[in-house]
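Novice: The structure is given below, and queries will be raised subsequently.
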Ligand code: ADP
Ligand code: ZN
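In full-length UniProt numbering, the protein residues as written are 1 to 516.
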């Protein structure tokens, strides 16, 4: 059996689990039948792919979407995982190859289209199947829009495989569908995971760094006598901060992987036991920490991604009582993170993903409205109303009418076929004849040079705000090309004005400031 977290990193290239993933992965690895409800885009596939790799034997995945199946198989194969898809679109040769791989126990994951379920029993009985995963499990519901009669045969397949462990996934959360899935796919009630991602007791706040040390001290001082974590980006900085806090009469310790094991364990034990300690730590701290009454988490520097941010702030307030979070961000962080990604030995594809996940965090940092709405939106969940428990709800930022800027950005995206990244779009807007612009003839577009009123940084601010508002999105499947959402239409037509944060256009002051 392999370590789940190690696989997360080495095979999938992710630093952290997304909300909910770890609990589901653990349950599946421990052999339990699972029904998991997660929003679309929440990261369901990892919840069966990772357990498939962590254990011996074959995982069979039933999925109704052929294109999606192919994408996943391709991605898995690229990561060195033996995977295949059995569909009615296979050529006889492909099919032969898959059968052969099955007979020789060479596959870890076999995707299967629903129409193959009824006929695959005998074939699969010969293979050693440890898990039957059912994607889009609501397709089993006769009352839903997506009903697939073949899904009703999955129960039989499960039987014919000796009641093999089953995990079902869906984004459809209503109670009736859930009950129907449980009844039709399982013999016993599955362990059900239905947890919103929201942690309403956590107050969310970001601040641009201007006097970072003071900002941090102020935050911790206001919570004197409580236990909290301050995350910093370097080992040295955790020690410097612990000393600075101690000097102010705020008991603080440092924690990082460079400390000798004895000291590290002592510090962790003290933090666990005492009620007023502040741990200044790198991200090495947290995994083993099980303290329900951590009252605050501060980030002295920007985390790597929204996923990491969510994990790290999530260590506060596990007891459900109110807890505060504050994340400081500055241009120095942005530069450092980008450089770390660029200089890592990871393959290009993965670096692109890392850049995108980091950009999503910047979008959250500069969100124009309720931070919780932006955060949950990133994980595919929606919040009906502003939360009232974030800095932006408490102190709405100054907004300005950015309709024209938005229209220019949108038209740059559309006129280039929604196929390009932010830097290229900005070059067009600013009328810069870069090599790529010339090569593609984009200097002949009416949008070329239409946005000289803003500099590069300001345009980046505009794009990030548009993303935060859900008007555009970076398509991971197309190398992060910017695409327009439905919400772009009324803006382009001038039917709906658009407001942005005024400070988004003053990033030199807004996001910059002195280094820590
Ligand atoms: P769905 O729940 O809609 O099936 P997917 O499994 O396709 O979602 O995942 C949605 C996106 O989230 C994918 O681009 C995937 O790479 C990404 N993702 C999944 N898990 C993580 C993670 N732990 N960290 C970062 N990104 C993740
Ligand atoms: Zn809010």
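Quick reminder that beta carbons are idealized off the backbone N, C-alpha and C, glycines included.
Judging by CA-CA distance, which residue of 337, 8, 471 is the nearest neighbour of residue 407?
Specialist: It is 471 whose Cα lies nearest to the Cα of residue 407.
Novice: Quick one: grab the DSSP three-state call for residue 99.
Specialist: Residue state, collapsed to three classes: helix.
Novice: Answer with buried or exposed for residue 290, where buried requires no fewer than 16 other C-beta atoms within 10 angstroms of its C-beta.
Specialist: Its Cβ having fewer than 16 others within 10 Å, residue 290 is exposed.
Novice: Just list the residues that DSSP pairs residue 523 with in beta bridges.
Specialist: Outside the shown range of the chain (1 to 516) lies residue 523, about which nothing can therefore be said.
Novice: Beta carbon of residue 257, beta carbon of residue 284: below 8 Å?
Specialist: Yes.
Novice: May I ask you to check if the CB of residue 470 is nearer than 7 Å to at least one heavy atom of the ligand ZN?
Specialist: No, the beta carbon of residue 470 sits no closer than 7 Å to any heavy atom of the ligand ZN.
Novice: Within the present structure, is the beta-carbon of residue 386 separated from the nearest heavy atom of the ligand ZN by less than 7 Å?
Specialist: Yes, the beta carbon of residue 386 sits closer than 7 Å to at least one heavy atom of the ligand ZN.
Novice: Alpha carbon to alpha carbon, what distance is there between residue 366 and residue 399?
Specialist: C-alpha separation (whole angstroms): 12 Å.
Novice: Cβ of residue 389 within 7 Å of any heavy atom in the ligand ZN?
Specialist: Yes, the beta carbon of residue 389 sits closer than 7 Å to at least one heavy atom of the ligand ZN.
Novice: Determine the contact status of residue 123 and residue 53, defining contact as a CB-CB distance below 8 Å.
Specialist: Result no, Cβ atoms of residue 123 and residue 53 do not sit closer than 8 Å.
Novice: Do residue 517 and residue 250 have their C-beta atoms closer together than 8 Å?
Specialist: Within the shown structure, residues of the chain are numbered from 1 to 516, placing residue 517 beyond reach of any answer.
Novice: Pull up the distance between the alpha-carbon of residue 155 and that of residue 119, whole angstroms please.
Specialist: Those two C-alpha atoms are separated by around 13 Å.
Novice: Any chance you could list the beta strand (DSSP E) runs of at least 3 consecutive residues sitting entirely within the segment 377 to 445, in chain order?
Specialist: Entirely contained in the segment 377 to 445, the beta strand (DSSP E) runs reaching 3 residues are, in chain order, 399 to 401.
Novice: Under 7 Å from any heavy atom of the ligand ZN, does the C-beta of residue 484 make it?
Specialist: No.
Novice: Just checking my contact of residue 73 with residue 83 at CB under 8 Å: how many whole Å lie between their CB atoms?
Specialist: Residue 73 to residue 83, Cβ: 5 Å. Contact.
Novice: Please classify residue 250: does DSSP put it in a helix, a strand, or coil?
Specialist: Of the three classes helix, strand and coil, the one that applies to residue 250 here is coil, per DSSP.
Novice: Quick one: what's got a C-beta closer than 7 Å to residue 431's C-beta in the same chain, skipping five residues either side?
Specialist: Excluding sequence neighbours, residue 431 sits near 448, 449, 452.
Novice: Please specify which runs of the beta strand (DSSP E), each continuous and at least 3 residues long, are wholly inside the segment 45 to 120, giving them in chain order.
Specialist: Listed in chain order, they are 58 to 62, 83 to 86, 109 to 112.
Novice: Hey, out of 248, 99, 425, 255, whose CA is closest to residue 239's CA?
Specialist: Looking at the Cα atoms, 255 is the closest of the given residues.
Novice: Please determine if the segment 311 to 329 and the segment 198 to 215 are in contact, where contact requires at least 3 C-beta pairs separated by less than 8 Å.
Specialist: Segments in contact, yes.
Novice: Report yes if the C-beta distance between residue 26 and residue 186 is below 8 Å; otherwise report no.
Specialist: Not closer than 8 Å, so no.
Novice: Please state whether the Cβ-Cβ distance between residue 445 and residue 482 is less than 8 Å.
Specialist: Not closer than 8 Å, so no.
Novice: Rounding to the nearest angstrom, what Cα-Cα distance links residue 61 and residue 23 in this structure?
Specialist: The straight-line gap from Cα to Cα measures roughly 20 Å.
Novice: Is the beta carbon of residue 485 sitting closer than 8 Å to the one on residue 474?
Specialist: No, these two residues do not count as a Cβ contact at 8 Å.
Novice: Between the segment 136 to 151 and the segment 171 to 178, do three or more beta carbon pairs fall short of 8 Å?
Specialist: Result yes; three or more Cβ-Cβ pairs closer than 8 Å.
Novice: Kindly give me the distance between the Cβ atoms of residue 167 and residue 48, rounded to whole angstroms, as I take these residues to be in contact under 8 Å.
Specialist: At roughly 6 Å, the Cβ-Cβ gap stays under 8 Å, so residue 167 and residue 48 are in contact.
Novice: In angstroms, rounded to a whole number, what distance separates the CA positions of residue 512 and residue 334?
Specialist: Unreliable placement is indicated for residue 512, whose pLDDT of 35 sits below 50; the coordinate value is still reported in the next sentence. Spanning the two alpha carbons is a distance of roughly 9 Å.
Novice: So what does residue 459 bridge to, in DSSP terms?
Specialist: For residue 459, which the question treats as bridged, DSSP gives no partner whatsoever.
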